[in-house]
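Okay, structure first, notes after.
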Amino acid sequence: MKEDIYKKITFNKLINRINIMNTYKKKPVEIQAEQFIENSNDGWPLGVYKDSDSPTGFMIDTLGGSHQVTEGDYIITGVKGEKYPCKEDIFNNTNLLILIIQTPKPHIAMAQGLSLYFPVISLDTFIQYIKIT
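Under the numbering used here, read the sequence shown as residues 342 to 474, first letter to last.
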């Protein structure tokens, strides 16, 4: 009986000494995002405003409070409609652009960096479509 108690105590001490960190993988969720460019002809992403107290001069209100926005940041609309900024390098490393081409027969194309993949239409057809519209 004393031996069983000793084994249990030793095991608990061992478990307490081990720093266990779980590994997780993000769920594949589609998001909406716009890149913040100060002098954009299309205007700024919804929610970005000038703030003279901010070192960058721009802010956005998020669920966690106000955050600075820097030129080039992506403004992401989360799954609950919330807005938050994300640095360009982090955004590009964690997201994949999905292009939806509006044609009489809609086609979906995916682009990652400079590599373009068009499972339904050729790149030449896509370029001709862009030039026409």
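Where a beta carbon is used, it is the ideal one built from N, C-alpha and C, also for glycine.
The structure displayed is predicted, hence computed values, not measured ones.
One Cα belongs to Ile-439, the other to Gly-384, and the distance between them is close to 22 angstroms.
The straight-line gap separating the alpha-carbon atoms of Glu-412 and Val-370 is approximately 25 angstroms. If the five residues before and after Glu-429 are omitted, its C-beta is found closer than 6 angstroms to the C-beta atoms of Gly-413, all from its own chain and listed in chain order.
DSSP, reduced to helix, strand and coil, places Thr-364 outside both helices and strands of the structure shown, so it counts as coil.
If you keep only unbroken alpha helix (DSSP H) runs of at least 4 residues inside the region 358-436, you get 429-435. Straight-line measurement puts the Cα of Leu-387 at about 31 angstroms from the Cα of Tyr-365.
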